[in-house]
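Structure, as structure tokens:
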Amino acid sequence: MGMLQRFESRLEQAVSGAFAKAFRSAVQPVELAAALQREIDNSAQILSRNRRLVPNTFGVELSPVDFERLEPYSESLHAELTDLLREHAEEQHYVFAGPVSIDFAKADDLVTGRFRVRSQATARVEAAPTQGRRSNRPAVASIVVNGSTHPLAPPGLVVGRGSEADLRINDPGVSRRHAEFRVTGRDVPHVTVFDLGSTNGTLVDGRRVPEAELFDGTTVRVGNTDIVVRLTREEH
Numbered sequence: 000m001g002m003l004q005r006f007e008s009r010l011e012q013a014v015s016g017a018f019a020k021a022f023r024s025a026v027q028p029v030e031l032a033a034a035l036q037r038e039i040d041n042s043a044q045i046l047s048r049n050r051r052l053v054p055n056t057f058g059v060e061l062s063p064v065d066f067e068r069l070e071p072y073s074e075s076l077h078a079e080l081t082d083l084l085r086e087h088a089e090e091q092h093y094v095f096a097g098p099v100s101i102d103f104a105k106a107d108d109l110v111t112g113r114f115r116v117r118s119q120a121t122a123r124v125e126a127a128p129t130q131g132r133r134s135n136r137p138a139v140a141s142i143v144v145n146g147s148t149h150p151l152a153p154p155g156l157v158v159g160r161g162s163e164a165d166l167r168i169n170d171p172g173v174s175r176r177h178a179e180f181r182v183t184g185r186d187v188p189h190v191t192v193f194d195l196g197s198t199n200g201t202l203v204d205g206r207r208v209p210e211a212e213l214f215d216g217t218t219v220r221v222g223n224t225d226i227v228v229r230l231t232r233e234e235h
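Numbering that gives the first Met the number 0 puts the sequence shown at residues 0 to 235.
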């Protein structure tokens, strides 16, 4: 039995056949499963000979009719689709940047039976326990990584995938100690990024650099993760 057939069988057992009846004339769960598989196949990025990075955050947009029919069974469908993607990734030697997440949303421009899949690789970000105690001075800048904001206070912090980094980014393309953000100045912050000999380099606004001065809104890319710099001026 193929992977998609096993998916259908497990889902049918999970919802006692009710799901299949609800979707008889609309989008079919196996169509969503096949589309998600194609999405990660088409988005795979080579990391090494036997490892490829694939998206782990998925958004499935459905027509209003399909969304309403799906909603009562979304928990079971989410669980089965997540298991399916993990099985597929294992077979294909894919690597997820972080936990697999699938969100269902309503799209008014879609007709019944049509859907869209969007995806991105979203690495898990975790601040080391000691990171916030490096300085007693208030933060005069911050960095935004995958939707979470982290303060930058003098002297700065190191980002990387290893346990020795101040801000850990679970991205296979990020080195253990990838880059250092150095901060000087109190009223007017001055931030500079230094690449720490990383394997894949550090990009500032799309350009690979060994070091660079950063400004408000500058995007620093490490591995497959974008870091946006935010600078503030202290009020007196």
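Each residue gets a CB set at the ideal place from its N, CA and C atoms; glycine is no exception. If you're wondering where the values come from, they're calculated on a predicted model, not measured in any experiment.
Inter-residue CB distance, residue i and residue j (contact presumed, cutoff 8 Å)
| i | j | result |
| --- | --- | --- |
| P54 | E30 | Not quite, the Cβ-Cβ distance comes to about 19 Å (not below 8 Å), so this is no contact. |
| R26 | D65 | For the record, residue 26 in the displayed sequence is Val; it is not Arg. About 5 Å separates the two Cβ atoms, so the contact holds. |
| R220 | L195 | Not a contact, Cβ separation roughly 15 Å. |
| L166 | A126 | 6 Å |
| V143 | V208 | Rounded, the Cβ-Cβ distance is 20 Å, inconsistent with contact. |
Outcome for residue i when other beta-carbon atoms lying within 10 angstroms are tallied against a minimum of 16
| i | result |
| --- | --- |
| H92 | exposed |
| R132 | In this prediction, R132 has a pLDDT of 45, which is less than 50 and means its spatial position is unreliable; what the coordinates show is noted afterwards. Answer is exposed; the Cβ neighbour count stays below 16. |
| S47 | exposed |
| G146 | exposed |
| A104 | exposed |
| T224 | buried |
| D170 | buried |
| I124 | Checking the sequence, you will find Val at residue 124 rather than Ile. Buried, by the Cβ-count rule. |
| G205 | exposed |
| I168 | buried |
| G222 | buried |
| E179 | buried |
| E74 | exposed |
Distance between residue j and residue i (C-alpha atoms, nearest Å)
| i | j | result |
| --- | --- | --- |
| D107 | F214 | 39 Å |
| V110 | A152 | 50 Å |
| P71 | H77 | 12 Å |
| Q36 | H87 | 7 Å |
| T218 | P28 | 38 Å |
| R9 | L61 | 22 Å |
| A33 | L156 | 42 Å |
| D40 | G1 | 17 Å |
| V139 | H189 | 9 Å |
| R229 | R68 | 42 Å |
| G200 | P63 | 44 Å |
| G172 | T231 | 30 Å |
| V187 | V158 | 23 Å |
| P154 | S141 | 13 Å |
| D102 | G184 | 42 Å |
| I45 | E89 | 15 Å |
| R85 | G112 | 26 Å |
| G216 | L52 | 27 Å |
| A43 | H149 | 29 Å |
| P128 | E79 | 35 Å |
CB of residue i within 7 Å of CB of residue j, strictly
| i | j | result |
| --- | --- | --- |
| T81 | V99 | yes |
| S197 | S174 | yes |
| A164 | A122 | no |
| T191 | R181 | yes |
| T56 | Q119 | yes |
| V94 | R50 | yes |
| F6 | L83 | yes |
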